[in-house]
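In the working numbering, the protein residues as written are 63 to 362.
Each residue gets a CB set at the ideal place from its N, CA and C atoms; glycine is no exception.
Just so we're clear, the structure is a prediction, and the values are computed from it rather than from any experiment.
Following: one structure in structure tokens, then a few remarks.
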Amino acid sequence: MDLERIHTAVAAYVGDAAPADAARLEFFEGLYGVLDERAKGVAAAGGYTAPSAGDLREILAAGTPVFSKAPVAIDAGAFGATCAAVAAFMADHAGLEETAAAALRAYDWARFAERADLGQAGSDPTAFVNGVLANLGSFDVPADLPANLCAMTVMFALRAHLESASNAVRDAIERAVAEGGEPAPASIDCPVCGSPASASWVGNTGDTSGSGRRQYCAQCGAQWHYDRVRCGRCGTRNQGHLHYTNVEGDRAHRLQTCDECGDYERVVFQEDLPAGVPLVMEVEDVAMAPLDAIAQQREA
Ligand SMILES: [Zn+2]
Ligand SMILES: [Zn+2]
63 MDLERIHTAV
73 AAYVGDAAPA
83 DAARLEFFEG
93 LYGVLDERAK
103 GVAAAGGYTA
113 PSAGDLREIL
123 AAGTPVFSKA
133 PVAIDAGAFG
143 ATCAAVAAFM
153 ADHAGLEETA
163 AAALRAYDWA
173 RFAERADLGQ
183 AGSDPTAFVN
193 GVLANLGSFD
203 VPADLPANLC
213 AMTVMFALRA
223 HLESASNAVR
233 DAIERAVAEG
243 GEPAPASIDC
253 PVCGSPASAS
263 WVGNTGDTSG
273 SGRRQYCAQC
283 GAQWHYDRVR
293 CGRCGTRNQG
303 HLHYTNVEGD
313 RAHRLQTCDE
323 CGDYERVVFQ
333 EDLPAGVPLV
343 MEVEDVAMAP
353 LDAIAQQREA
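Here's what the structure looks like:
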């Protein structure tokens with residue numbers, strides 16, 4: 063993670079933000095600091111080798127997430143320590159009720175990591191998080207520790223353990239594409255870890271047309287090329303079924319809604335960002351949180 067750019071973007075937003083929005087941005091800036099520290103430790107321990115260019119081209123052409131074929135080895139001791147660090151930061155800074163904060167701090171994350179299926183965490187992180195959520199009882203999660211806090215702790219911690227491997231895959235894909243002369247197919251879910259995209263951005267992607275679109279995965283940090291006119295959820299290219307809406311006065315952050323699947327995606331338009339705000343998807347993901355509430359109101 064680029065903590066300096068994250069700081070610049072957060073500082074630029076916080077000036078004009080409502081108190082609750084500013085607090086959320088500052089919470090995440092602090093959390094990213096914790097995750098980056100842990101991710102550096104994981105990267106220093108090493109151990110991930112991306113598939114060869116030929117294997118990668120085959121994996122991507124088949125539409126299979128790379129981690130499902132070349133999983134990330136996650137060390138139980140290190141993962142437990144990351145979960146504990148994330149839980150402690152959330153307990154101290156997320157503005158939680160005292161009972162929930164105390165439960166988050168007191169839970170034995172080392173023992174959780176020993177019992178969890180970390181093979182699955184490194185090959186299919188979304189299935190892993192869903193599996194944890196469905197089996198909280200088997201991990202002795204107490205009733206006063208809310209399930210969503212448990213899931214958030216695990217998802218944030220996973221980011222720290224997947225990020226350096228995801229970066230290695232990104233570099234390997236770039237090399238494979240350069241050698242093969244064919245662009246990687248534009249997949250709907252993350253081509254690296256298989257998680258759904260968190261958000262998307264439109265702007266200077268360096269594509270030949272000048273302006274392109276990229277999807278962003280908050281789970282592993284990957285970004286990948288995507289069609290400008292296409293639903294980020296179901297993949298339809300039917301332009302008549304896709305619409306953009308935004309809060310009046312903020313064209314930088316829009317909802318792409320789709321008549322075919324009824325779902326939506328949050329999209330950043332780089333050229334509409336306020337002056338002085340660098341495009342950092344880790345921050346945009348947080349800055350666009352209010353759009354989720356708007357989308358849910360539309361559905362209701
Ligand atoms: Zn991913
Ligand atoms: Zn759709």
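In this chain, the beta strand (DSSP E) harbouring residue 307 covers 304 to 308.
In this structure, the straight-line span from the alpha carbon of residue 157 to that of residue 151 is close to 11 Å. When only Cα atoms are considered, residue 179 and residue 153 end up about 25 Å apart. By the C-beta density criterion, residue 206 is exposed, having fewer than 16 other C-beta atoms within 10 angstroms. Burial of residue 315 is indicated by the presence of at least 16 other C-beta atoms within 10 angstroms of its C-beta. Our two residues, residue 110 and residue 136, have alpha carbons roughly 10 Å apart in a direct line. Under the DSSP assignment, residue 191 falls in the alpha helix (DSSP H) whose first and last residues are 187 to 196. Judged by their CB atoms, residue 264 and residue 127 are not nearer to each other than the 8 Å cut-off. If you look at residue 75, you'll find it isn't in any beta strand (DSSP E); it sits in the alpha helix (DSSP H) that goes 65 to 76. In the displayed model, residue 299 falls within coil according to three-state DSSP, outside both helix and strand. Non-local C-beta neighbours of residue 189 in its own chain, meaning closer than 7 Å and more than five positions away in sequence, comprise 182, ordered along the chain. When the beta-carbon positions are compared, residue 328 and residue 304 stay at least 8 Å from each other. Taking C-alpha positions only, residue 193 is separated from residue 337 by approximately 43 Å. In the three-state reduction of the DSSP assignment, residue 320 falls in the strand class, which pools E and B. Excluding sequence positions up to five before and after residue 245, its CB lies within less than 8 Å of the CB of 239 and 287, all in the same chain and listed in chain order. In this structure residue 342 is not in contact with residue 74, their Cβ atoms being roughly 10 Å apart against a cut-off of 8 Å. Between the C-alpha atoms of residue 133 and residue 145 there is a straight-line separation of about 20 Å. The closest CA to that of residue 322, considering only 293, 335, 105 and 330, is found on 293.
Nearest C-alpha to residue 222 among 284, 162 and 197: 284.
Relative to residue 147, the option among 214, 277, 251 and 289 whose CA is nearest is 214.
Just measuring C-alpha positions, the residue of 330, 177, 184 and 121 sitting nearest residue 197 is 177. Taken from the Cβ of residue 202, every heavy atom of ligand 2 lies 7 Å or farther away. Taking the CA atoms as reference points, residue 300 sits about 8 Å from residue 291. Residue 293 has its CB nearer than 7 Å to a heavy atom of ligand 2.
Take the alpha-carbon of residue 297 and the one of residue 164: they are about 43 Å apart.
In this structure, residue 344 sits away from residue 330, with a CB-CB distance that is not shorter than 8 Å.
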